[in-house]
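Novice:
There are 2 protein chains.
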Amino acid sequence: MSLAAARLERPEIRLPQPYLLFVGDVTEPGYAKTAFGLRDWAADRCVGELACSDDAVTTGLPRMSPSEAQARGARAMVIGVANPGGVIKPGWIPSLVAALEAGLDLIAGMHGRLEDVREIKAVADRLGRRLIDVRRPPPGIPIATGRRRSGKRLLTVGTDCALGKKYTALAIARAFRERGLDADFRATGQTGIMIAGGGIPMDAVVSDFEAGAAELLSPDAAPGHWDVIEGQGSLFHPAYAAVSLGLLHGSQPDVIVLCHEPGRERLLGYPDFPTPGLSEAIELNLSLGRMTNPEIRCAGVSFNTAAMSGAEADEVMARASRALGLPVADPMRGGPAFERLVEACLA
Amino acid sequence: MSLAAARLERPEIRLPQPYLLFVGDVTEPGYAKTAFGLRDWAADRCVGELACSDDAVTTGLPRMSPSEAQARGARAMVIGVANPGGVIKPGWIPSLVAALEAGLDLIAGMHGRLEDVREIKAVADRLGRRLIDVRRPPPGIPIATGRRRSGKRLLTVGTDCALGKKYTALAIARAFRERGLDADFRATGQTGIMIAGGGIPMDAVVSDFEAGAAELLSPDAAPGHWDVIEGQGSLFHPAYAAVSLGLLHGSQPDVIVLCHEPGRERLLGYPDFPTPGLSEAIELNLSLGRMTNPEIRCAGVSFNTAAMSGAEADEVMARASRALGLPVADPMRGGPAFERLVEACLA
Chain A
1 MSLAAARLER
11 PEIRLPQPYL
21 LFVGDVTEPG
31 YAKTAFGLRD
41 WAADRCVGEL
51 ACSDDAVTTG
61 LPRMSPSEAQ
71 ARGARAMVIG
81 VANPGGVIKP
91 GWIPSLVAAL
101 EAGLDLIAGM
111 HGRLEDVREI
121 KAVADRLGRR
131 LIDVRRPPPG
141 IPIATGRRRS
151 GKRLLTVGTD
161 CALGKKYTAL
171 AIARAFRERG
181 LDADFRATGQ
191 TGIMIAGGGI
201 PMDAVVSDFE
211 AGAAELLSPD
221 AAPGHWDVIE
231 GQGSLFHPAY
241 AAVSLGLLHG
251 SQPDVIVLCH
261 EPGRERLLGY
271 PDFPTPGLSE
281 AIELNLSLGR
291 MTNPEIRCAG
301 VSFNTAAMSG
311 AEADEVMARA
321 SRALGLPVAD
331 PMRGGPAFER
341 LVEACLA
Chain S
1 MSLAAARLER
11 PEIRLPQPYL
21 LFVGDVTEPG
31 YAKTAFGLRD
41 WAADRCVGEL
51 ACSDDAVTTG
61 LPRMSPSEAQ
71 ARGARAMVIG
81 VANPGGVIKP
91 GWIPSLVAAL
101 EAGLDLIAGM
111 HGRLEDVREI
121 KAVADRLGRR
131 LIDVRRPPPG
141 IPIATGRRRS
151 GKRLLTVGTD
161 CALGKKYTAL
171 AIARAFRERG
181 LDADFRATGQ
191 TGIMIAGGGI
201 PMDAVVSDFE
211 AGAAELLSPD
221 AAPGHWDVIE
231 GQGSLFHPAY
241 AAVSLGLLHG
251 SQPDVIVLCH
261 EPGRERLLGY
271 PDFPTPGLSE
281 AIELNLSLGR
291 MTNPEIRCAG
301 VSFNTAAMSG
311 AEADEVMARA
321 SRALGLPVAD
331 PMRGGPAFER
341 LVEACLA
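Chains as they are written, first to last, in this note's numbering: chain A, 1 to 347; chain S, 1 to 347.
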């Protein structure tokens, strides 16, 4: 089978783009993280936003009706909010129905499912629109083969959850493309999938198929092509290490970048579990990753310094870099440190 | 919540026992492995067997009709055959319907599902009988907490798949009980679940919940109680290591026993992957297991020497035992070597 055919037949989620972003009635920006993430990382694939309340937050994209969005090329409306509980609120339904009637599919990644809302399901069925749940993995995922694949792969790994693995992968993929390289961001979680327009929600895959799903996500590619793969969880996490290990084995990364939040001394929500040391985390990822790629190496460390002043961030990054003998950078701050990290990935 | 209440509320599969074993029309004993496994390890919970062809294999248990089995206390009929493809053959349907009509539930663990056979589904629905698929995990599995639990746990781990982790756990649990200890075998795969009458099919659990399912499987228990947990896969397997790691973290074993088939130099079906060395396998399981139980230790090694003569088996086990400084035994051969392994588990 040719590479092109193999890519077409991959059973992964493919989302209709560009998007209209639905911010609903959310007044607290923290609950519209998905919309802001899409604005920040997929602005070229977002035509505008729709709110159903005048005091809703704004992404800064133009407000427009579903019909206007459709006229500007939008193919789907994304529910860009993640309220507590992850439910589809009754007040949203008129807007969701209007989007379907304007010719848009609906995309969501919440706990509550679009198809479980009777009115939405009925309209979608009548009009032949799709209700796409990005938390649901595609059918037909195979068992991993362990076979080495062509092309190059980078995986972001972490000392814990929720500290920047997705943003680091996005920033590195962008930096690779800015250097003229052929690079794809490979999404493994719901927000990443919405940004990329495709991917596999790795934590929702049945464990027997976890590494197989990761193999599927970054298939054979041209020798100079990079897949920059969004990491999940942490090998040091008492609940999620299985997800991380299946993703590591199936990704067969040539390069890992360790992601960490300096100052986080305990795993989020697991106060009995200390965050591992950076060297320890690098060593464990390399030793387990060697099984499917003996050439694996760590290019450096990504720090999430959002809670620090610039001077403080520079100081902790410089100190860690000296201690490890590796580049340490915050991709959201960029600058020479991040340039060094990117160069080390490509070295 | 009291321990008793916690146990009652665990969302795991609980099977109606005792069983009538269905051997169908199978003439090749290898395809009736489930029935033979139940005869060998759960004979006290099997009242007899049913064939639908005169030349079918026999487990040696008395042949009887579903009504006779029901009269002797049977509550379910187990499909004890695993033919190529795992399909429910049309010729079996009259026997399966007869079992339902005699008051028995049906239990299967094949690829083909009982409820997808229209005639079986209709009869079960009409009579209110259950069609139980042991490959389907129960709903409501929580995310792992990492919290240490009371009681003692032993997990069998392996250098590869299919080399004796289930039989080793069953033999150790039996040996513990013969010594007067309170011990439960905890099943993690379909045959083990049928033997134990309950358990969780770990490889079918969504990866985010893998360690949580393992926590559920061996809940808080009395200080002297042992849960002897059936291992799955291998940390060295390119497809299944995620299953093994989630099971290791969630089990929080105090003791591991490494299972190995001497002479197997490559992973089954993965000729590019060498079987790890015994010390290497022990070390990796201990170092990763320490995260949720810092007291974890390896009591010894279980060899599957079914392909060897007695003298050959004694020789390879003695040699490995000297090299490792640990007991090495084949639980199916028993004898003083196995006694030493059991004593080391309890030391």
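Built from N, CA and C at the ideal position, the CB exists for glycine as well.
Can you tell me the Cα-Cα spacing of Met332 (chain S) and Lys33 (chain S), whole angstroms?
Specialist: The straight-line gap from Cα to Cα measures roughly 16 Å.
Novice: Write down every uninterrupted run of the alpha helix (DSSP H) in the region 39 to 94 of chain S whose length is 4 residues or greater and which is fully enclosed by it, in chain order.
Specialist: Whole alpha helix (DSSP H) segments, 4+ residues: 66 to 71.
Novice: Go ahead and pull the three-state DSSP assignment for Ala183 (chain A).
Specialist: Note: Ala183 (chain A) maps to strand in three-state DSSP.
Novice: Determine the DSSP secondary structure at His249 (chain S), reduced to helix, strand or coil.
Specialist: Note: His249 (chain S) maps to helix in three-state DSSP.
Novice: Enumerated in chain order, which unbroken segments of the beta strand (DSSP E) with a length of 3 residues or greater are wholly contained in the region 266 to 336 of chain S?
Specialist: For the region 266 to 336 of chain S, whole beta strand (DSSP E) runs of length 3 or above, ordered along the chain, are 270 to 274, 297 to 303.
Novice: According to DSSP, what are the bridge partners of Tyr19 (chain A)?
Specialist: Answer is A:Cys46, A:Ala76, bridged to Tyr19 (chain A).
Novice: Check this for me: beta carbons of Leu15 (chain S) and Glu49 (chain S), under 9 Å apart or not?
Specialist: In this structure, Glu49 (chain S) does not lie closer than 9 Å to Leu15 (chain S) by Cβ.
Novice: Can you list, in chain order, the residues of its chain whose CB lies under 7 Å from that of Leu267 (chain S), leaving out five sequence neighbours each side?
Specialist: The residues are Asp160, His237, Phe273, Thr275.
Novice: Which bits of chain S does His249 (chain A) rub up against, with CB to CB less than 9 Å?
Specialist: By Cβ distance, chain S contributes His237, Pro238, Ala239, Ala241, Ala242.
Novice: Thinking just about the alpha-carbon of each residue, which of S:Gly146, S:Pro262, S:Met77 is nearest to the one in Ser218 (chain S)?
Specialist: With distances taken between Cα atoms, Ser218 (chain S) lies closest to S:Gly146.
Novice: Between Val81 (chain S) and Val23 (chain S), what straight-line distance do the alpha-carbon atoms span, to the nearest angstrom?
Specialist: Using only the alpha carbons, I get a separation of about 6 Å.
Novice: So Gly30 (chain S) contacts chain A; which residues on that side make the cut at Cβ distance below 9 Å?
Specialist: Neighbours of Gly30 (chain S) on chain A: none; closest Cβ ~22 Å, over 9 Å.
Novice: With three or more beta-carbon pairs closer than 8 Å as the criterion, would you say the region 181 to 197 of chain S touches the region 106 to 120 of chain S?
Specialist: At 8 Å Cβ cutoff, the stretches touch.
Novice: Roughly how many angstroms lie between the CA atoms of Cys212 (chain S) and Cys52 (chain S), to the nearest whole one?
Specialist: What sits at residue 212 (chain S) in the sequence shown is Gly, not Cys. Roughly 41 Å separates the two Cα atoms.
Novice: Hey, how far is the Cα of Glu312 (chain A) from the Cα of Glu119 (chain A)?
Specialist: Each residue's Cα considered, the two are about 52 Å apart.
Novice: What residues in its chain sit with their C-beta under 8 Å from that of Arg297 (chain A), if we drop five residues either side in the sequence?
Specialist: Counting only Cβ-Cβ distances below 8 Å, and skipping sequence neighbours, we find Asp254, Val255, Ile256, Leu286.
Novice: Under a CB-based cut-off of 9 Å, is Ile143 (chain A) close to chain S?
Specialist: Yes, contact with chain S.
Novice: Any beta carbon of chain A sitting closer than 9 Å to that of Gly109 (chain S)?
Specialist: It does not; no Cβ of chain A falls within 9 Å.
Novice: If we ignore side chains and look at the alpha-carbon of each, how far apart do Ala359 (chain A) and Gly233 (chain A) end up?
Specialist: Lying outside 1 to 347, the shown extent of chain A, residue 359 (chain A) is not represented and no answer is given.
Novice: For Cys345 (chain S), does the three-state DSSP call read helix, strand or coil?
Specialist: Note: Cys345 (chain S) maps to helix in three-state DSSP.
Novice: Does chain A have any CB closer than 9 Å to the CB of Asp203 (chain S)?
Specialist: With 9 Å as the cut-off, Asp203 (chain S) counts as an interface residue toward chain A.
Novice: Tell me the DSSP bridge mates of Arg153 (chain A)?
Specialist: BP columns for Arg153 (chain A) point to A:Asp227.
Novice: What does Asp254 (chain A) pair with, by DSSP beta-bridge criteria?
Specialist: Answer is none; Asp254 (chain A) lacks a bridge partner.
Novice: Please go through the same chain and pick out, in chain order, the residues whose beta-carbon is closer than 6 Å to the beta-carbon of Asn304 (chain A), but skip the five residues on each side of it.
Specialist: Cβ neighbours of Asn304 (chain A) beyond the five flanking positions: Leu163, Gly164, Glu261.
Novice: Alpha carbon to alpha carbon, how far is Arg153 (chain S) from Glu343 (chain A)? Give it in angstroms, no decimals.
Specialist: Spanning the two alpha carbons is a distance of roughly 48 Å.
Novice: Going by beta carbon distance, what residues of the same chain come within less than 6 Å of Ala175 (chain A), once the five residues before and after it are set aside?
Specialist: Counting only Cβ-Cβ distances below 6 Å, and skipping sequence neighbours, we find Val342.
Novice: In chain A, which residues lie less than 7 Å from Thr292 (chain S) when you measure between Cβ atoms?
Specialist: Correct list: Pro238.
Novice: In whole angstroms, what is the alpha-carbon distance linking Ile200 (chain A) and Ile229 (chain A)?
Specialist: Their backbone Cα atoms lie some 11 Å apart in a straight line.
Novice: Going straight from the alpha carbon of Pro223 (chain S) to that of Arg45 (chain S), what length do you get?
Specialist: So the alpha carbons of these two residues sit roughly 28 Å apart.
Novice: Starting from the C-beta of Leu8 (chain S), find all residues in its chain whose C-beta is less than 6 Å away, skip the five residues before and the five after it, and write them out in chain order.
Specialist: Model confidence at Leu8 (chain S) stands at a pLDDT of 39, short of 50, so the residue's coordinates are unreliable and nothing is read from them.
Novice: Would you say Ser218 (chain S) reaches chain A, if we count a Cβ-Cβ gap shorter than 9 Å as a contact?
Specialist: False, the Cβ-Cβ gap to chain A never drops below 9 Å.
Novice: Less than 7 Å between C-beta atoms, sequence neighbours within five positions excluded: which residues of the same chain meet that for Trp41 (chain A)?
Specialist: For Trp41 (chain A), where only same-chain residues beyond five positions count, the Cβ hits under 7 Å are Leu170, Ile195.
Novice: Quick one: give me the first and last residue of the alpha helix (DSSP H) that Ile143 (chain S) is part of.
Specialist: Ile143 (chain S) -> no alpha helix (DSSP H), and no H or E assigned at all.
Novice: Following the continuous beta strand (DSSP E) through Asp133 (chain A), name the residue where it begins and the one where it ends.
Specialist: 131 to 133 is the extent of the beta strand (DSSP E) around Asp133 (chain A).
Novice: Closest to Ala351 (chain A) by CA distance: which of A:Val157, A:Glu315, A:Ala144 is it?
Specialist: Because residue 351 (chain A) is not part of the residues shown, which for chain A are 1 to 347, the question remains open.
Novice: Any chance you could list the alpha helix (DSSP H) runs of at least 4 consecutive residues sitting entirely within the region 192 to 239 of chain A, in chain order?
Specialist: Entirely contained in the region 192 to 239 of chain A, the alpha helix (DSSP H) runs reaching 4 residues are, in chain order, 210 to 217.
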